[in-house]
Amino acid sequence: MTQRLGANEFSHNDLPDWRWLIAGLQAAFHCGSYLAAGAFAARITEAADRLGHYPQIDVRAPDLVQVTTTSADAHGVTQPDVELASVVSDLAAAAGHRPAPQALARLEIAIDSADIAAIRPFWRAVLGYADQPQRDGAVDVVHPSGLGPAIWFQQSEPRAGRNRIHMDVYVPVELAQQRVADTVAAGGTLVTDRFAPSWWVLADADGNEACVCTWNDPPDGS
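Using UniProt numbering, the first residue of the sequence shown is number 1, and each one after it goes up by one.
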């Protein structure tokens, strides 16, 4: 396994375009136009292919490219991430693209529970995520391709009462009923399907709720 770097070690590198966010390196650049942003993203993919190390690239109108690199096998940042970041910055400088650190952010969602093992399968199933073991022994759930925030679980004391936040999980309509079935099989409870096929309300063992949603309208009168 490649050796993981710490934030302090990373800070010794001359990479002013990049920020350390949640055990990954992230940078964003204004490229002047959407077409230029797409061309820049293509050059990054070519460089990544040469290096054999592949970042996540997000192109947003009107001209923004955001790049995130991390090493899944090390659960964090490694030297290949630093090398890729340096190459991306060189490409940006050569093209005259402006760094945009104000555009950077990464989101994680933390769920408190007195019995983490009882609720983790629910969230893995309802989100279509996979387990990601951490070095401290914890197990997060993440999208297999990084398309969505990671979910991690915080041990808490038992408490009564319903949480005031729930998640809406939008899926293609042809996948919705199977997603609901998978979630129930993982220990979830179907709270109501009165709004199906627009959405189904499910709950984990702690009463935290998630809705599996589609583009369909709810039934008349619901």
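Each residue gets a CB set at the ideal place from its N, CA and C atoms; glycine is no exception. Note that the structure is a prediction, hence the values are computed from the model and not measured.
query	result
Contained alpha helix (DSSP H) runs [length at least 4] in the stretch 69-140, N- to C-terminal order	79-95, 116-127
Span separating the alpha-carbon of Thr-2 from that of His-53	12 Å
Residue nearest to Pro-80 in terms of C-alpha spacing, selected from Leu-51, Gln-66, Ala-105	Leu-51
Tyr-170: first and last residue of the uninterrupted beta strand (DSSP E) it sits in	167-170
Close-in-space but distant-in-sequence residues of the same chain around Ile-109 (CB under 6 Å, 5 per side omitted)	Pro-149, Ile-151
Short Cβ contact (7 Å threshold) for Val-139 with Thr-183	no
Spatial distance of Arg-169 from Pro-16 (CA atoms)	Checking the sequence, you will find Val at residue 169 rather than Arg. Computed Cα separation, rounded: 36 Å.
Rounded straight-line distance, which links the Cα of Gln-134 to that of Ala-118	18 Å
Check whether Ser-156 and Asp-204 have beta carbons under 7 Å apart	no
Whether Pro-172 touches Ser-198 by CB criterion (7 Å)	no
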